[in-house]
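J.:
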Amino acid sequence: MSQTQAKVMQYLPVAFAIFQVFLPTGLIVYYATQAIIRIAQQAYITRRLGLLLLIVFGSSFLVYNLAALSGDPLEELRLSTQPNAKQLLAQMTRELQLNVPPPARYFLWLKGVITGDLGQARDGHPVWETISHAIPVT
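Quick note on the working numbering: the sequence shown kicks off at 296 and runs consecutively.
1) In this structure, how does DSSP classify Q415 when only helix, strand and coil are distinguished?
2) Would you say P308 reaches chain C, if we count a Cβ-Cβ gap shorter than 9 Å as a contact?
3) Would DSSP call P396 helix, strand or coil?
4) Alpha helix (DSSP H) containing H428: first to last residue?
5) Can you tell me whether D339 is buried or exposed? The criterion is at least 16 other CB atoms within 10 Å of its CB, across all chains shown.
6) Do you know offhand how far L369's Cα is from L384's?
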């Protein structure tokens, strides 16, 4: 054994003792840092999801109300000369909830979307049925 090796062997127990003292501290710092990073990531993700919901809600509210204000969906029926036009007009107004202001109608629509009721298409079939038939093709 050389002299250098002997000195290393002499200080090895001291180095090992120092390693035993500082290793747990290093692990504590490491795990504490990892926990702080995880909390920061969760806060970031939560903030981003909150902004996503706000943007989706705001844009759908805006688009729905702009579409509602774009024109009268029953204009053709109002100009009709059919003898039962008044009864059809009253019935369609109730069915389409056109007697409710557009912002309130949006929340009725939103409630339906959340519960899975997307309403009916113009042909009378449920919208969800139409979408479900188109999904495999897409």
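Backbone N, C-alpha and C fix where the C-beta goes; we use that ideal spot for every residue, glycine too.
T.: In this structure, then:
1) Here residue 415 corresponds to residue number 120 of the sequence shown, with the count starting at 1. Here Q415 sits in strand by DSSP.
2) Protein chains in the displayed structure number just one, and chain C is not present.
3) As a working note, residue 396 is residue 101 in the sequence shown. Three-state DSSP puts P396 in coil, outside helix and strand.
4) On the sequence shown, position 133 is the one that residue 428 refers to. Residues V422 to A429.
5) Here residue 339 refers to the residue found at position 44 when the sequence shown is read from its first residue. Looking at the sequence provided, one finds Tyr at residue 339 rather than Asp. The residue in question, Y339, is exposed, as its Cβ has fewer than 16 Cβ neighbours within 10 Å.
6) Translated into positions along the sequence shown, residue 369 becomes position 74. Translated into positions along the sequence shown, residue 384 becomes position 89. About 7 Å.
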